[in-house]
Each structure stands twice: as structure tokens, then as C-alpha cells.
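Notes follow the structure.
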Amino acid sequence: MSRYLHTSIFVSDMPETIDFYTKRLGLKLLDGPNHFPGNADMAFVGADWNAYIELVYDLEEHPPYALGNRYEHLAVEVDGDLPALCERLRAEGVKILSGPKKSPGGTRWIAFVEDPNGIPVELLEPKSR
């Protein structure tokens, strides 16, 4: 059976991006950063290898990155008190795009923050089972 593995994003600053996803959002650095001469530096962050984010710093010449008009956001489930996490992130200089507020169904907290590359990241409380 097929399964979802990862999302790959281009980053402008690998150390800053790793710091954001690991120290600020609590994901683990699963591997890297690995250097592939003439191609790219790559790192992988997530809770585990079942679903993760591939961070790519492209070493080839190209125009500056811009967000596409077909890209919406990444989503990360976070442990603990989401409103308190948002206050900590705000105090650390992370841009809060919206929330925290209750999800449209009213069952859990949701917020959106911006990563160092301008990518919106949805933060969600764990879903009740």
C-alpha cells in the first residue's frame, strides 16, 4: 500500500530553519545536514521517519525563492498547551499569522506561524481519539 512520506521545502538559511523546526517547534533532526557538492545541502526533521520535512538548501545558481500560489501550508501536531507555546514563540520573535483559536469544529486549538523562509506552519493540538 502507498503511504505519504514527506514534504520537501527549499530553505534560505539551513541552520536557522533547523533551529526553528527543532528548538522552537520540538521536532527532531532525523538526519543531516548532508552536503552534496554542486547540488544541495539537505536535512530531515520530524517526530520520526513515518512523516517528515525534507529541508533543501540549493547550491545551484537561481533567482531568490518565492512562495508559489498553489502552496498552502505545512501542519505540525504539538504537545502541550498550544496557547502557551504561541506566547513563547511570539516572545522568541516568531511571527504568529493567526490564532491561537479553537479549530472550526471547536475540538482543539489551532494556530499558524511563519517559518524563517516565509512558509506558513499550522500548529495543532493532538486529536482526541
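With the numbering used here as the guide, the letters of the sequence shown map in order to residues 43 to 171.
Beta carbons: idealized from backbone N, C-alpha and C, even for Gly.
Could you say which of the options lies nearest to residue i if we only look at CA atoms?
i, options, result
"Ala126", "Ser54, Leu166, Phe62 and Ser50", "Leu166"
"Ser50", "Pro106, Glu103, His115 and Ser170", "His115"
What residue range is occupied by the uninterrupted alpha helix (DSSP H) comprising residue i?
i, result
"Glu129", "Leu124 to Ala133"
Could you tell me the boundaries of the beta strand (DSSP E) in which residue i lies?
i, result
"Met43", "Run containing Met43: none; DSSP gives neither H nor E here."
"Glu96", "Ala93 to Asp100"
Quick one: residues in its chain with C-beta nearer than 8 angstroms to the C-beta of residue i, no 5 flanking neighbours on either side, listed in chain order?
i, result
"Gly68", "Val120 and Asp121"
"Ser140", "Ala153 and Phe154"
"Phe86", "His48, Leu71, Leu72, Asp73, Gly74, Tyr94, Ile95, Glu96 and Leu97"
Rounded to whole angstroms, what's the CA-CA distance from residue i to residue j? Just pull it up for me.
i, j, result
"Arg150", "Pro168", "8 angstroms"
"Glu164", "Asp73", "23 angstroms"
"Phe52", "Gly147", "32 angstroms"
"Ala108", "His77", "23 angstroms"
Item checked: Touching by the beta-carbon criterion (3+ pairs, under 8 angstroms), the region 78-85 and the region 127-135 -> Contact fails between the region 78-85 and the region 127-135, because fewer than three Cβ pairs, one in each stretch, are under 8 angstroms apart.
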